[in-house]
Amino acid sequence: MFGDAFGGRGTLLTIPTQFRFLEQRSYLLGNPNEQGNAKLFFVSGSPLQISPVNGNEVLIGGLPLKLSNMLLFVQTPPDSVRRGTYAIQQSPEITKFITANFVGAGQIARFNSSTNLTFIEAQSRLGLGQVTEIYDFFNRIPGSTLFLPSPSGGGVVGRTKIADDNSPLPRDRFIFNYDYFNNASLGSGIDVSRISLGVEKTFLDQQASVELRIPFASTLDSTSTADGMTGRATEFGNIHVTLKALLYSTRSVFLTAGLGFSLPTAADTRVRLSDGTDMVRIRNQSLLVTPYFSALYAPDDRLFAQLWMAWNFDTNGNATDVNFDFGGLRQVGRVNDQTLAQIDTQLGYWVYRAADPSARLQGIAPFVELHYNGTVGRADVLSAGGFQIGTQGSLNELNLTLGATAQIGTNFLLSTGLVVPLRDNFDRSFDYQLGVRGTLFFGPTARSREAASRVSSF
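The C-terminal residue of the sequence shown carries number 447 in this note's numbering, and the numbering is unbroken.
Following this line, the structure appears as structure tokens:
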């Protein structure tokens, strides 16, 4: 089957506007400016002007500030300058940052044990000839909102879906899958090329099997840049293990149940500044458990139909670290993926069967598939220090697949498929998907290939 949910539902990260302290050994001391020259000088040496806005606010460097007991923060010069004396009042945004990191308002305080700071006294007035040299100790980092892939869902590589390239019948086979996702839901409109290699081995006289899949992809880098461009990388995904057991079988009906496990082997999801400073890390720690049920109906050696139903549970969540004050990452909680319900159906027909058993092409079967992926329950939203991680709402994705499979020789199946979303906006994981599936049978399955090949295309 095709019709991947890619990574399921990602998460939104909201980063607040922050003030980053620059470790400069400078003092807020010096001589007043010359009479009639109301300039502020800071570390870079660029002069900025003071301009009144009203009786209680002063415009400094084009940024309205209402300050009390704190350092002035300036950026770009205003267009015009007026003369006068103006009160300095409080700015809640900067006050919150200052009080969280400094002590001793109105006097020299120490920060990071190597830097000195003086606050302007409350209700100080800036008058002509009364302004001392003031140094700007802060970088202002604008807030932003980023869409992050969940590491539980395979991160930037995507989720391994149990129904994908599978059959309700336990089989001995080697697996090769390739998928191209156009405009995948990674927040950057990036295309993803993914390869998944695996093996399935039967036991208990072909009544059960265990399967291992190892995915990797050319995709978006798992480390995003909050204030710049994020590049591409080759990323390793979450290894997936599936257990399968045949519960009931007749000549035309086969019922199977099992359990899938997604192991946290993909990279953590990180957000950094362009200078390399870590801001957020979502650690890939989740163990996803997926119980499922599947059925195969094959009334003859031509027609076949499959049904898969699965529920994907995040058992333990991912620890989430945030850098509030540029003092390093600190854990603020855990984020759990929403439970994901998956329903997959397939209908196919062998339109060609070779009469000669030695022919290279033994059969061709076109098929059509319908895939539903939907979240169950509320999403986790983690808020801490102005940062917010999580997305409200739900995912209800519906995909249609058209494709064909060919039997080449005795023990090889080659399938191709085109997947198109039937819904828009947030209820889609990509614009379209192209896939190739290769299956090479071995062991007991290869020896009984005649029965296996004529009941399922996969």
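Backbone N, C-alpha and C fix where the C-beta goes; we use that ideal spot for every residue, glycine too. As the structure is a prediction and not an experimental result, all values here were calculated from the model.
Delimiting residues of the alpha helix (DSSP H) encompassing residue i
{"i": "R367", "result": "Run containing R367: none; DSSP gives neither H nor E here."}
{"i": "A215", "result": "Run containing A215: none; DSSP gives neither H nor E here."}
{"i": "T434", "result": "G432 to R436"}
Local Cβ density within 10 Å of residue i, reported as buried at 16 or more and exposed below that
{"i": "R412", "result": "exposed"}
{"i": "F192", "result": "exposed"}
{"i": "P36", "result": "Note on P36: pLDDT 34, under 50, position unreliable in the model; the coordinate value appears next. Under this definition P36 is an exposed residue."}
{"i": "V408", "result": "buried"}
{"i": "L350", "result": "exposed"}
{"i": "T208", "result": "buried"}
{"i": "L371", "result": "buried"}
{"i": "L402", "result": "buried"}
{"i": "A348", "result": "exposed"}
{"i": "M268", "result": "buried"}
{"i": "M(-10)", "result": "buried"}
{"i": "V146", "result": "buried"}
{"i": "N325", "result": "buried"}
{"i": "D194", "result": "exposed"}
{"i": "G265", "result": "exposed"}
{"i": "L135", "result": "buried"}
{"i": "Q396", "result": "buried"}
{"i": "V365", "result": "exposed"}
{"i": "F(-5)", "result": "buried"}
{"i": "R270", "result": "buried"}
{"i": "T495", "result": "The requested residue 495 is not part of the displayed model; the chain covers only -10 to 447."}
{"i": "Q320", "result": "exposed"}
{"i": "Q335", "result": "buried"}
{"i": "G249", "result": "buried"}
{"i": "Q381", "result": "exposed"}
{"i": "G143", "result": "buried"}
{"i": "R367", "result": "exposed"}
{"i": "G352", "result": "buried"}
{"i": "G(-1)", "result": "buried"}
{"i": "G317", "result": "exposed"}
Among the options, the one whose alpha carbon lies nearest that of residue i
{"i": "T390", "options": "Q422, I397 and L402", "result": "Q422"}
{"i": "L137", "options": "T309, L158 and L296", "result": "T309"}
{"i": "T3", "options": "F(-9), F(-5), R183 and G132", "result": "G132"}
{"i": "L276", "options": "V425, S418, M(-10) and S139", "result": "S139"}
{"i": "P346", "options": "N400, D369 and Q320", "result": "N400"}
{"i": "L236", "options": "F419, G392, V357 and L158", "result": "L158"}
{"i": "A448", "options": "K190, S383, L296 and V269", "result": "Residue 448 lies beyond the range of the chain shown here (-10 to 447); nothing can be said about it."}
{"i": "N414", "options": "S141, L1, S174 and F163", "result": "S174"}
{"i": "S437", "options": "R162, R319 and G392", "result": "R162"}
{"i": "S404", "options": "S383, G427 and S418", "result": "G427"}
{"i": "L201", "options": "R183, V230, G220 and R221", "result": "V230"}
{"i": "P5", "options": "G424, L429 and Q377", "result": "Q377"}
{"i": "A256", "options": "A373, G363, E189 and F205", "result": "F205"}
{"i": "L186", "options": "G220, F225 and D180", "result": "F225"}
{"i": "R160", "options": "F419, G178 and A197", "result": "A197"}
{"i": "G220", "options": "V181, S418 and G379", "result": "V181"}
{"i": "N227", "options": "K233, H360, I203 and A234", "result": "I203"}
{"i": "D290", "options": "G398, G178, G337 and M218", "result": "G337"}
{"i": "G406", "options": "D420, G424, L318 and R417", "result": "G424"}
Where the beta strand (DSSP E) through residue i begins and ends
{"i": "V340", "result": "No beta strand (DSSP E) holds V340; DSSP gives it neither H nor E."}
{"i": "M268", "result": "D267 to I271"}
{"i": "Q396", "result": "N385 to I397"}
{"i": "L276", "result": "Neither: L276 is in no beta strand (DSSP E) and is coded neither H nor E."}
{"i": "F250", "result": "V242 to S251"}
{"i": "T258", "result": "T258 to R261"}
{"i": "S185", "result": "V181 to F192"}
{"i": "P410", "result": "F401 to P410"}
{"i": "F313", "result": "Neither: F313 is in no beta strand (DSSP E) and is coded neither H nor E."}
{"i": "S238", "result": "H229 to S238"}
{"i": "S207", "result": "A197 to L209"}
{"i": "G322", "result": "R319 to V324"}
{"i": "T0", "result": "T0 to I4"}
{"i": "N301", "result": "L292 to D303"}
{"i": "M376", "result": "Looking at the sequence shown, residue 376 is not Met but Phe. Counting along the chain, the beta strand (DSSP E) containing F376 begins and ends at F376 to I378."}
Cutoff 9 Å: residue i Cβ touching any chain B Cβ
{"i": "D369", "result": "Judged by its chain identifiers, the structure shown contains no chain B, having just a single protein chain."}
Determine contact between the segment 168 to 181 and the segment 299 to 319, defined as no fewer than three beta-carbon pairs at a distance below 8 Å. no
Is the segment 426 to 436 in contact with the segment 378 to 388, if contact means three or more CB pairs nearer than 8 Å? no
Could you tell me whether the segment 223 to 243 touches the segment 286 to 295, using the rule of 3 or more Cβ pairs below 8 Å? yes
At a cut of 8 Å, does the segment 338 to 353 reach the segment 313 to 321 through at least three beta carbon pairs? no
Please confirm if the segment 138 to 154 is in contact with the segment 323 to 335, defined as three or more CB-CB distances below 8 Å between the two stretches. yes
Check whether the segment 199 to 217 touches the segment 249 to 266, counting contact only when three or more Cβ pairs, one atom from each stretch, lie closer than 8 Å. yes
In chain order, what are the residue ranges of uninterrupted beta strand (DSSP E) at least 3 long that sit wholly in the segment 126 to 176? 127 to 130, 133 to 137 and 162 to 171
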